[in-house]
Amino acid sequence: MTNRPVSVTVTFAFILLNILVWLAFGIIVAINAHPNLPDIPIMKVIMTILSFAVAGIMVGLFILLRKPNQVAYFLTLAVLGVISLLTFFDDVGWIDLLFLAINIVPVILLIKDRTWYLEPSKSNQLKSV
Numbered sequence: 005m006t007n008r009p010v011s012v013t014v015t016f017a018f019i020l021l022n023i024l025v026w027l028a029f030g031i032i033v034a035i036n037a038h039p040n041l042p043d044i045p046i047m048k049v050i051m052t053i054l055s056f057a058v059a060g061i062m063v064g065l066f067i068l069l070r071k072p073n074q075v076a077y078f079l080t081l082a083v084l085g086v087i088s089l090l091t092f093f094d095d096v097g098w099i100d101l102l103f104l105a106i107n108i109v110p111v112i113l114l115i116k117d118r119t120w121y122l123e124p125s126k127s128n129q130l131k132s133v
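Numbering (our numbering), first residue to last: 5 to 133.
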């Protein structure tokens, strides 16, 4: 495995930022601090659980992406792509555009550095010999 490019490290930073945003959103909803949510308790519970679930999934993908991993690479692209698309199902304001940027930048960087993520591991190379 070659040295990790700087852009891969930047990708990891954006993924960690994404995790922090989801955790913060989950906490904000859980403590009833979001001003625009309807006052329906079950909706707030579901949104809190989903926010923490997305953060957990992203943590798992972050851990798997630290080494080249094809499955984690494609799953991360899919998760970030779906999250980006879902951003447009809301009233799009400046905060939504900021959140979209936090999701799109790692997608672009993942695609740019795909050779690093899709690089076969040394153990797979040894098995084929």
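Yeah, the Cβ is synthetic: ideal placement off N, Cα and C, and Gly gets one too. Computed from a predicted structure; not experimentally measured.
Best match in the options for proximity to residue i [C-alpha to C-alpha]
i	options	result
S55	P39, L27, V10, L90	L27
L21	F66, V75, V86, L89	F66
I35	S11, I23, I53, F18	I53
I87	M62, V49, V14, E123	M62
Q74	I31, L89, I32, P124	P124
T15	A76, P110, P42, V83	P110
V12	I99, K71, W98	K71
Y77	A57, K116, W98, I23	K116
F29	V58, V10, P42, D43	V58
Coarse secondary structure for residue i, derived from DSSP in three states
i	result
I35	coil
N22	helix
K116	helix
G97	coil
L65	helix
K71	coil
P45	helix
M5	Legend: pLDDT at M5 = 49, less than 50; position of this residue unreliable, value from coordinates given subsequently. Here M5 sits in coil by DSSP.
N107	helix
F29	helix
L84	helix
S11	helix
F16	helix
L54	helix
F92	coil
Own chain residues within Cβ distance below 8 angstroms of residue i, not counting five before or after
i	result
A105	none
R8	W120
F18	I106, V109, P110, L113
Residues near residue i in its chain [Cβ-Cβ closer than 7 angstroms; skip 5 each side]
i	result
F103	V25, T91
P80	Here residue 80 turns out to be Thr, not Pro, going by the sequence shown. Only L65, L69, L114 meet the Cβ criterion.
I32	H38
Close beta carbons around residue i, own chain, < 6 angstroms, minus the five adjacent residues each side
i	result
P45	none
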